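K.L.:
With positions in the sequence shown counted from 1, the corresponding number in this note's numbering is that position plus 35. All C-beta atoms, glycine included, are put in the ideal place defined by N, C-alpha and C. Computed from a prediction, not measured in an experiment: that's the story for all the values here. Okay, handing you the structure first.
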Amino acid sequence: MDRTRLLGIGLVVISACGFGSGALFAKPIYAHGVDWMTLLAWRFVFAAALSWGWLLLWPGQRRALRALSRRRVLVLLALGIFYMGNTGAYYAGLETVDASLAALIVYLYPALVAVMSIRFARRLEGRHAWFALALATAGVALAVGGINPAHAPPLHGLVIMICSPLVYAVWIVLAARLSGERRADGDATAPPPHDSEATASTEPTDSAPTAAIMLTATAVGWMSAALFFGRPVLPGQVPTDAWWALFGIGLLATAVAMQAFYAGARRIGAAQASLASTVEPVYTITLAALLLHESLTPIQILGGIMVIMGVFIAQTGQMRRTT
Numbered sequence: 036m037d038r039t040r041l042l043g044i045g046l047v048v049i050s051a052c053g054f055g056s057g058a059l060f061a062k063p064i065y066a067h068g069v070d071w072m073t074l075l076a077w078r079f080v081f082a083a084a085l086s087w088g089w090l091l092l093w094p095g096q097r098r099a100l101r102a103l104s105r106r107r108v109l110v111l112l113a114l115g116i117f118y119m120g121n122t123g124a125y126y127a128g129l130e131t132v133d134a135s136l137a138a139l140i141v142y143l144y145p146a147l148v149a150v151m152s153i154r155f156a157r158r159l160e161g162r163h164a165w166f167a168l169a170l171a172t173a174g175v176a177l178a179v180g181g182i183n184p185a186h187a188p189p190l191h192g193l194v195i196m197i198c199s200p201l202v203y204a205v206w207i208v209l210a211a212r213l214s215g216e217r218r219a220d221g222d223a224t225a226p227p228p229h230d231s232e233a234t235a236s237t238e239p240t241d242s243a244p245t246a247a248i249m250l251t252a253t254a255v256g257w258m259s260a261a262l263f264f265g266r267p268v269l270p271g272q273v274p275t276d277a278w279w280a281l282f283g284i285g286l287l288a289t290a291v292a293m294q295a296f297y298a299g300a301r302r303i304g305a306a307q308a309s310l311a312s313t314v315e316p317v318y319t320i321t322l323a324a325l326l327l328h329e330s331l332t333p334i335q336i337l338g339g340i341m342v343i344m345g346v347f348i349a350q351t352g353q354m355r356r357t358t
């Protein structure tokens with residue numbers, strides 16, 4: 036396996052664990068009386084501030100920021116606003132859905148990304164990758180089916196949560212195309228790029244300015260929404276005990292996770308990145324059991340093993356093709 040691909044996989048795994056920590060931080064935040072909209076407002080304020088600090092720290096990243104065209108900046112801002120749909124659905128649903136179940140529902144998105152990638156991005160190649168994706172998806176479905184009916188969440192919570200992977204899958208493909216990913220040259224079925232896409236593909240694709248600008252748009256969007264709907268979002272209205280978790284979700288589950296995902300997906304493609312990040316539900320379920328005392332059934336454990344097997348098969352299959 037080449038070094039670039041190995042680095043990409045590592046970055047995506049770091050991203051997956053970071054995103055998977057979001058539910059673990061959110062549950063104690065909710066326990067302190069903070070609602071999902073206030074959580075999202077401060078989550079992205081912290082994440083945007085940290086991302087800009089990281090960006091401005093390095094001369095190369097500052098040059099990449101200055102090299103961005105006005106069109107690219109506008110697209111990044113639009114992606115940031117679009118990302119509100121995914122985060123809003125996930126954290127609104129998380130108020131009533133267990134962290135472990137939420138992690139599994141969200142992992143409907145790799146299959147959705149793979150299907151959309153056939154036309155819009157870099158498709159998964161070879162039987163190994165498709166078999167691995169099927170195995171991982173089946174593992175997620177098995178784990179969802181193993182949820183104890185006695186702890187089933189309200190129907191509206193499930194409906195809201197299911198909207199999250201639908202929006203997230205679209206966002207991933209859009210973000211990948213923005214970074215310059217296209218279908219292979221010479222594919223007769225690939226649509227020709229529009230002028231805006233051709234221009235974007237020649238611009239710098241450094242993850243630092245990409246994430247900083249996008250997270251800023253999301254932060255402004257959620258803070259504005261929270262103020263508009265009269266949520267207790269001002270610093271004096273937020274319980275003191277909730278601040279540590281709000282900072283943690285902004286740092287680990289947002290700033291680090293977002294930067295790592297952008298950098299990793301740029302190296303290995305949106306569909307492969309989605310497949311590699313299926314370690315997230317296993318990570319979240321395990322820590323939810325240890326920290327939040329959520330129960331795991333034998334069927335859920337089996338589903339988690341299938342997810343890990345799917346990731347392993349995908350990467351070993353790719354290694355055979357590149358050696």
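(1) Between which two residues does the alpha helix (DSSP H) carrying Ser242 extend?
(2) In three-state terms, what does DSSP make of Ala223?
(3) Run through DSSP, which three-state label would Asp276 get?
(4) Between Gly304 and Gly271, what straight-line distance do the alpha-carbon atoms span, to the nearest angstrom?
(5) Roughly how many angstroms separate the alpha carbons of Pro239 and Tyr144, rounded to a whole number?
(6) Is there contact between the stretch 167–176 and the stretch 93–113, where contact requires at least three CB pairs shorter than 8 Å?
(7) Does Glu329 come out as helix, strand or coil in the three-state DSSP assignment?
(8) So, for Asp276: in the same chain, excluding its five sequence neighbours on each side, which residues have a beta-carbon less than 8 Å away from its beta-carbon?
(9) Please classify Ser104: does DSSP put it in a helix, a strand, or coil?
(10) Closer than 7 Å by C-beta to Asp241: which residues in its own chain qualify, once you throw out the five before and the five after it? Chain order, please.
(11) Are the CB atoms of Gly192 and Val132 within a distance shorter than 8 Å?
(12) For the pair the stretch 104–111 and the stretch 49–63, tell me if three or more CB-CB distances fall below 8 Å.
(13) Along the alpha helix (DSSP H) that carries Pro63, what are the first and last residues, could you check?
(14) Return the residue from the list Val48, Gly128, Trp71, Leu92 that minimises the CA-CA distance to Val194.
(15) Alpha carbon to alpha carbon, how far is Ile334 from Ala290? Give it in angstroms, no decimals.
(16) Let me know the secondary structure DSSP gives Val202 once reduced to three states.
(17) On the three-state DSSP scale, how would you describe Gly120?
(18) Do the CB positions of Leu250 and Met293 come within less than 8 Å of each other?
(19) Figure out for me which residue from Phe296, Met344, Thr313 has the closest Cα to the Cα of Val47.
(20) Quick one: what's got a C-beta closer than 6 Å to Gly120's C-beta in the same chain, skipping five residues either side?
(21) So is Leu209 buried or exposed if we call it buried at 16+ other beta carbons inside 10 Å?
(22) Could you pull out every residue in the same chain whose Cβ sits closer than 6 Å to the Cβ of Trp71, ignoring the five residues on either side in sequence?
(23) Pull up the distance between the alpha-carbon of Gly43 and that of Arg302, whole angstroms please.
(24) What's the call for Trp279, buried or exposed, on a 16-neighbour Cβ count within 10 Å?
(25) Taking just the CA atoms, how far does Ala82 sit from Phe60?
(26) Taking DSSP as the reference, what is the three-state secondary structure of Ser135?
(27) Roughly how many angstroms lie between the CA atoms of Val268 and Ile116, to the nearest whole one?
(28) Can the beta-carbon of Trp77 be found less than 8 Å from the beta-carbon of Leu281?
(29) Indicate the three-state DSSP secondary structure (helix, strand or coil) for Leu129 in the structure shown.
(30) Near Pro200, what residues of its chain come up, given a Cβ to Cβ distance below 6 Å and the 5 sequence neighbours on each side ignored?
(31) For Val148 versus Ala254, is the C-beta distance shorter than 8 Å?
P.N.:
Well, looking at it:
(1) Locating residue 242 in the sequence shown gives position 207, counting from the first residue. 242–263 is the extent of the alpha helix (DSSP H) around Ser242.
(2) If you number the sequence shown from 1, residue 223 lands on position 188. With a pLDDT of 30 at Ala223, under the threshold of 50, the modelled position of that residue is not reliable, and the figure given next carries that caveat. If DSSP states are grouped into helix, strand and coil, Ala223 belongs with coil.
(3) Here residue 276 refers to the residue found at position 241 of the sequence shown. Secondary structure at Asp276: helix, using DSSP grouped into helix, strand and coil.
(4) The count along the sequence shown starts at 1 and reaches residue 304 at position 269. The count along the sequence shown starts at 1 and reaches residue 271 at position 236. Approximately 43 Å, taken between the alpha carbons.
(5) Against the sequence shown, residue 239 aligns to sequence position 204. Against the sequence shown, residue 144 aligns to sequence position 109. In this predicted model, Pro239 has a pLDDT of only 43, less than 50, meaning its place in the structure is not dependable; the value taken from the coordinates is given anyway. The alpha-carbon separation between Pro239 and Tyr144 amounts to approximately 27 Å.
(6) The answer is no - the stretch 93–113 does not touch the stretch 167–176, with fewer than three Cβ pairs under 8 Å.
(7) As a working mapping, residue 329 is identified with position 294 in the sequence shown. Note: Glu329 maps to coil in three-state DSSP.
(8) As a first step, residue 276 is located in the sequence shown; it is residue number 241 there, counting from the start. If the five residues before and after Asp276 are omitted, its C-beta is found closer than 8 Å to the C-beta atoms of His67, all from its own chain and listed in chain order.
(9) Looking up residue 104 in the sequence shown gives position 69. The three-state secondary structure of Ser104, taken from DSSP, is coil.
(10) Here residue 241 corresponds to residue number 206 of the sequence shown, with the count starting at 1. Within the same chain, Asp241 has close Cβ partners Gln96, Ala99.
(11) In the sequence shown, counting from the first residue as 1, residue 132 sits at position 97. In the sequence shown, counting from the first residue as 1, residue 192 sits at position 157. In this structure, Gly192 lies closer than 8 Å to Val132 by Cβ.
(12) In short, these stretches do not touch, since the Cβ pair count stays below three.
(13) Position 28 of the sequence shown holds residue 63. Segment 38–66, the alpha helix (DSSP H) holding Pro63.
(14) Along the sequence shown, read from residue 1 onward, the residue named residue 194 stands at position 159. That would be Gly128, whose Cα lies nearest to the Cα of Val194.
(15) Residue numbering aside, residue 290 sits at position 255 when the sequence shown is read from its first letter. Residue numbering aside, residue 334 sits at position 299 when the sequence shown is read from its first letter. Whole-angstrom Cα-Cα distance: 33 Å.
(16) As a working note, residue 202 is residue 167 in the sequence shown. In this structure, Val202 counts as helix in the three-state DSSP scheme.
(17) Here residue 120 corresponds to residue number 85 of the sequence shown, with the count starting at 1. Helix at Gly120.
(18) Counting from one through the sequence shown, the residue named residue 250 turns up at place 215. Counting from one through the sequence shown, the residue named residue 293 turns up at place 258. In this structure, Leu250 sits near Met293, with a CB-CB distance shorter than 8 Å.
(19) Stepping through the sequence shown from its first residue, residue 47 is reached at position 12. By alpha-carbon distance to Val47, the top candidate from Phe296, Met344, Thr313 is Phe296.
(20) As a position in the sequence shown, residue 120 is number 85, starting the count at 1. Excluding positions up to five away in sequence, the list reads Val202.
(21) To locate residue 209, count along the sequence shown from 1; it is residue 174. It counts as buried.
(22) In the sequence shown, residue 71 corresponds to position 36, counting from 1. Answer for Trp71: Tyr126, Ala127, Glu130, listed in chain order.
(23) Within the sequence shown, numbered from 1, the residue matching residue 43 stands at position 8. Within the sequence shown, numbered from 1, the residue matching residue 302 stands at position 267. CA-to-CA, the gap between Gly43 and Arg302 works out to about 5 Å.
(24) Working through the sequence shown from its first residue, we reach residue 279 at position 244. By the neighbour-count rule (16 or more Cβ atoms within 10 Å), Trp279 is not buried but exposed.
(25) Working through the sequence shown from its first residue, we reach residue 60 at position 25. Working through the sequence shown from its first residue, we reach residue 82 at position 47. Spanning the two alpha carbons is a distance of roughly 14 Å.
(26) In the sequence shown, counting from the first residue as 1, residue 135 sits at position 100. Assignment of Ser135 by DSSP, reduced to helix, strand and coil, places it in the helix class.
(27) In the sequence shown, counting from the first residue as 1, residue 268 sits at position 233. In the sequence shown, counting from the first residue as 1, residue 116 sits at position 81. C-alpha separation (whole angstroms): 19 Å.
(28) Residue 77 sits at position 42 when you count from the first residue of the sequence shown. Residue 281 sits at position 246 when you count from the first residue of the sequence shown. Taking 8 Å as the Cβ cut-off, Trp77 and Leu281 qualify as a contacting pair.
(29) Taking the sequence shown and counting its residues from 1, one reaches residue 129 at position 94. Coil, per DSSP.
(30) Along the sequence shown, read from residue 1 onward, the residue named residue 200 stands at position 165. If the five residues before and after Pro200 are omitted, its C-beta is found closer than 6 Å to the C-beta atoms of Val141, Leu143, Tyr144, all from its own chain and listed in chain order.
(31) As a working note, residue 148 is residue 113 in the sequence shown. As a working note, residue 254 is residue 219 in the sequence shown. No, they are not a contact pair.
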